[in-house]
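To keep things clear, I will list the structure first and then write my remarks on it.
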Amino acid sequence: MEVRLVQGDITRQHVDAVVNAANSTLLGGGGVDGAIHRRGGPAILAACRELRAGHLGGGLPTGHAVATTAGDLPARWVIHTVGPVYSEREDRTPLLASCYTESLRVAGGLGARSVAFPAVSTGVYRWPLEHAAQVAVRAVRESSTTVGEVRFVLFDAQAFAAFERAAAGPGTSRPDL
Ligand code: APR
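Residues in the sequence shown are numbered consecutively from 18, following the numbering used here.
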């Protein structure tokens, strides 16, 4: 599996699956979620509503992933995942790692060959970028996925640099634990 780093807008990536940093309602939000629904169009929200009317009546749990159409995005699917909100009291690292491994499991099940990830939980959910990057890179590298290309799409130079460092070196333990 090839891991690539890109600085840019995840809604413009030509890949099979784009991962959305969603919330458990699956009904949209700001950040990546807002951008994907804005550019992807109403078909994505309609598909999310169907999921909520069906087996995801209680919403998508943190760390889980589910696929819908990508609507007008240059992709075939959107894989929605819900990152953990950062906590200083409780180590939610396994939930953050699960966003990546579960999204790759769903992508593999679809036969997706390329997957674009945002830096999950590092915006509204306040996860420190440096640690989130280490968790993301390690989770992807350790996954036994059939996906050929994983692309981390970072919105700004600071996030890109954090993922470059994570991709270059061995992961270190969480700084504040
Ligand atoms: N492309 C790539 N990355 C983006 C884009 C974009 N178009 N827009 C924002 N980002 C980056 C942010 O800079 C941040 O680094 O994605 C990362 C994740 O930030 P959020 O989108 O805020 O996601 P998260 O921290 O996981 O919080 C999720 O925010 O938008 C709501 O509905 C969403 O409640 C959920 C929560």
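A virtual CB, placed ideally from N, CA and C, is assigned to each residue, including glycine.
Relative to the alpha-carbon of residue i, which residue among the options has its alpha-carbon at the smallest distance?
i: L22; options: S131, L62, W144, R143; result: S131
i: E105; options: R143, T86, A64; result: R143
i: Q175; options: G140, A39, E166; result: G140
i: T110; options: N37, T79, A92; result: T79
Helix, strand or coil for residue i, going by three-state DSSP, please let me know.
i: L127; result: helix
i: Q175; result: helix
i: V99; result: strand
i: V137; result: coil
i: S190; result: Legend: pLDDT at S190 = 48, less than 50; position of this residue unreliable, no value from coordinates given.
i: V83; result: strand
i: Q24; result: strand
i: R66; result: helix
Given residue i, which residues of its chain have a CB within under 6 Å of its CB, disregarding the five upstream and five downstream residues?
i: G58; result: G88, D89
i: D193; result: Interpretation of D193 is limited by its pLDDT of 48, a score under 50 that renders its predicted location unreliable; the figure taken from the coordinates is listed afterwards. Hits under 6 Å: none found.
i: A150; result: A179, F180, A183
Tell me whether residue i, by its Cβ, gets closer than 7 Å to a heavy atom of ligand 1.
i: D26; result: yes
i: T85; result: no
i: P135; result: yes
i: D50; result: yes
i: S138; result: yes
Confirm the yes/no value for this check: CB of residue i, any heavy atom of ligand 3, distance under 7 Å.
i: F169; result: In the structure shown, ligand 3 is absent; the only ligands present are ligand 1.
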